[in-house]
Amino acid sequence: MKRVAVQPQDFDAAAELAALEALGGGGVASFTGIVRGEGGLVALELEQYPAMTQAQMARIVDDAMARWPLLGVSVIHRVGRLEPGARIVFVGTASRHRTAALESCAFLIDWMKSDAPFWKKEYFDDGRTAWVAARSEDDARARAWQR
Amino acid sequence: MKRVAVQPQDFDAAAELAALEALGGGGVASFTGIVRGEGGLVALELEQYPAMTQAQMARIVDDAMARWPLLGVSVIHRVGRLEPGARIVFVGTASRHRTAALESCAFLIDWMKSDAPFWKKEYFDDGRTAWVAARSEDDARARAWQR
Amino acid sequence: MGPLTIVYFAWVREAIGRDQDVVDHPGPGATLADLVAMLAGRGGGYAQALGDSARLRAAIDQQFAPLDTMIGDAREVAIFPPVTGG
Amino acid sequence: MGPLTIVYFAWVREAIGRDQDVVDHPGPGATLADLVAMLAGRGGGYAQALGDSARLRAAIDQQFAPLDTMIGDAREVAIFPPVTGG
Chain A
1 MKRVAVQPQD
11 FDAAAELAAL
21 EALGGGGVAS
31 FTGIVRGEGG
41 LVALELEQYP
51 AMTQAQMARI
61 VDDAMARWPL
71 LGVSVIHRVG
81 RLEPGARIVF
91 VGTASRHRTA
101 ALESCAFLID
111 WMKSDAPFWK
121 KEYFDDGRTA
131 WVAARSEDDA
141 RARAWQR
Chain B
148 MKRVAVQPQD
158 FDAAAELAAL
168 EALGGGGVAS
178 FTGIVRGEGG
188 LVALELEQYP
198 AMTQAQMARI
208 VDDAMARWPL
218 LGVSVIHRVG
228 RLEPGARIVF
238 VGTASRHRTA
248 ALESCAFLID
258 WMKSDAPFWK
268 KEYFDDGRTA
278 WVAARSEDDA
288 RARAWQR
Chain C
295 MGPLTIVYFA
305 WVREAIGRDQ
315 DVVDHPGPGA
325 TLADLVAMLA
335 GRGGGYAQAL
345 GDSARLRAAI
355 DQQFAPLDTM
365 IGDAREVAIF
375 PPVTGG
Chain D
381 MGPLTIVYFA
391 WVREAIGRDQ
401 DVVDHPGPGA
411 TLADLVAMLA
421 GRGGGYAQAL
431 GDSARLRAAI
441 DQQFAPLDTM
451 IGDAREVAIF
461 PPVTGG
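Chains as they are written, first to last, in our numbering: chain A, 1 to 147; chain B, 148 to 294; chain C, 295 to 380; chain D, 381 to 466.
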């Protein structure tokens, strides 16, 4: 099972988990990212490069499935305007081996943070807006997988 | 939020995730263990040491919350007879930091595999039964956290 | 010292055929290994379950403890195989 | 060589005030940096968005590429800030 989605609407993390659990592996790992409402943030706007985003996500999922013995992977990234508390991103992995499920889940979310073609704009309650700057820490985590 | 449960009945992983997502952190990591139906396995029987199990699980959750900046942890382990496809164990963690959520989730499931007072008996379709032997690999993973 | 409860789990429980025994406390200086050897001396399922202490793990008052630990004033000892949860 | 489509994202798009341009292909030997410099020379929002190439990232036909990469026979180039997904 391989599922890659980029969509404005919310997703059903429970349904994703249930599909991964049904694959007969011993373990399912997941990570869900949520919009934090700190510093007066009222919304995030997520922009993508449509011709590139889904293809790149599919490629990294193939990489993960080549690197770990996975039975299934589900990655979902939302775009558009998201308010605090909203889900932004989901990564779920299923494997016979818990280590494979956990490591590949961390690998995929690190990649999503540092290499997926998305950009975040912040809207604050005083009317300010700001494009989020890339964090070198995220790059370093993603690079660490390239051993 | 801190939730520790040992129970015969199934649990609602989606409800656990939703509670963790509602804590306002940026990320929720989870791991769900499932009974694999391989080699003619028809059921697992999970035995616990009731006076010890829940107290030890609560202690390790406190350890994780001291070690990582976590907003919430949920750990659930089932006991009794479980058939292939059934959930056995759930670990969910919420944090402002995805690394904290992912690492603490791995730490907790490694501990559950190697140090929680549970024992598994396997029932096979030819009538055989066998107590599962501990895996030194699991011990090694749990020891690796003691740095 | 009063009574000491000994609880068994998994194949230790099955081989002995009981899930617990209550014995006279062997005294604070006795170790878990001493207790295991004493019980194994009963023969039958006890000898079968407890004859090879390398296969056993234990807890004193619900805390894991190596077999060379002295029992002290504990009220409950548990004897079981290595754990296999998760 | 025909036309080359250039697409912009995030603050690059906002500063330029357009989400794409179509230009005459600068030839296979031109690099992404050459293209960025040519566009910055238009002044205004282009200069503001593209004047400091250290702040920019790019893709050629939907593949990330360093700015010293030659454009070759690409049909689409993208110019954008470092990505911030997840």
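For glycine and all other residues, C-beta sits at the position ideal for the given N, C-alpha and C.
In chain B, which residues lie with their C-beta within 9 Å of the C-beta of residue i?
i	result
residue 314(C)	Ordered by position in chain B, no residue passes the 9 Å Cβ test against residue 314(C), which lies about 11 Å from the chain.
residue 17(A)	160, 161, 164, 177, 179
Can you name the residues of chain C whose CB is closer than 7 Å to the CB of residue i?
i	result
residue 256(B)	380
Sorted by chain position, which residues of the same chain lie with C-beta nearer than 6 Å to residue i's C-beta, five sequence neighbours on each side aside?
i	result
residue 150(B)	221
residue 430(D)	416, 419, 420
residue 307(C)	313
residue 328(C)	none
residue 456(D)	385, 441
residue 141(A)	110
residue 33(A)	88, 89
Can you pull the chain A neighbours of residue i, defined as C-beta to C-beta under 8 Å?
i	result
residue 439(D)	49, 52, 117
residue 245(B)	31, 33, 109, 113
residue 205(B)	Going along chain A, no residue has its Cβ under 8 Å from residue 205(B), so there is no contact; the nearest lies around 22 Å.
residue 390(D)	47, 119, 121, 131
residue 183(B)	24, 25, 26, 96
Sorted by chain position, which residues of the same chain lie with C-beta nearer than 7 Å to residue i's C-beta, five sequence neighbours on each side aside?
i	result
residue 122(A)	41, 44, 129, 130, 132
residue 145(A)	107, 110
residue 235(C)	In the structure as shown, chain C begins at 295 and stops at 380. Residue 235(C) is therefore absent and cannot be evaluated.
residue 249(B)	176
residue 445(D)	412, 438, 439
residue 149(A)	For residue 149(A) there is no data in the structure shown, the boundaries of chain A being 1 and 147.
residue 231(B)	182, 183, 184, 188
residue 433(D)	413, 416, 447
residue 449(D)	411, 412, 440
residue 395(D)	425, 428, 429
Against residue i, what residues of chain B qualify as contacts under a CB-to-CB distance less than 8 Å, listed in chain order?
i	result
residue 371(C)	Here the premise fails: no neighbours, minimum Cβ distance about 12 Å.
residue 377(C)	261, 262, 263, 264, 265, 266, 281
residue 83(A)	In chain order: nothing, as chain B lies at least about 13 Å away.
What is the C-beta distance between residue i and residue j, in whole angstroms, given that I count them as a contact (C-beta under 8 Å)?
i	j	result
residue 64(A)	residue 17(A)	Going by Cβ atoms, the distance from residue 64(A) to residue 17(A) rounds to 17 Å, so no, they are not a contact pair.
residue 88(A)	residue 46(A)	7 Å
residue 227(B)	residue 155(B)	4 Å
residue 157(B)	residue 233(B)	7 Å
residue 339(C)	residue 311(C)	5 Å
residue 120(A)	residue 464(D)	5 Å
residue 261(B)	residue 285(B)	4 Å
At 7 Å on the CB atoms, spell out the chain A contacts of residue i, in chain order.
i	result
residue 470(D)	Absent from the structure is residue 470(D), since the part of chain D shown begins at 381 and ends at 466.
In chain B, what lies closer than 7 Å to residue i by C-beta?
i	result
residue 106(A)	249
For residue i, I'd like the list of residues in its chain whose CB is within less than 8 Å of its CB, leaving aside the five on either flank, ordered along the chain.
i	result
residue 400(D)	385, 386, 387, 388
residue 117(A)	48, 49, 52, 53, 56
residue 148(B)	166, 167, 170, 218, 219, 220, 221, 241
residue 391(D)	429, 461
residue 39(A)	124
Is it the case that the CB of residue i approaches a heavy atom of the ligand MN more closely than 6 Å?
i	result
residue 213(B)	Judged by which ligands are present, the structure shown has none, so any question about the ligand MN falls away.
Which chain D residues are close to residue i, counting only those with a beta carbon under 9 Å from its beta carbon?
i	result
residue 76(A)	The contacting residues do not exist; residue 76(A) stays about 11 Å from chain D at best.
residue 89(A)	465, 466
Query - Continuous beta strand (DSSP E) assignments of at least 3 residues falling wholly in the region 391-448 of chain D - result: 400-404, 437-440
Report task. Would you check if the region 242-249 of chain B and the region 171-178 of chain B touch, i.e. whether three or more CB-CB distances between them fall below 8 Å? Result -> yes
**Report entry** 4-residue-minimum alpha helix (DSSP H) runs that sit fully inside the region 160-242 of chain B, ordered along the chain
**Finding:** 160-168, 197-214
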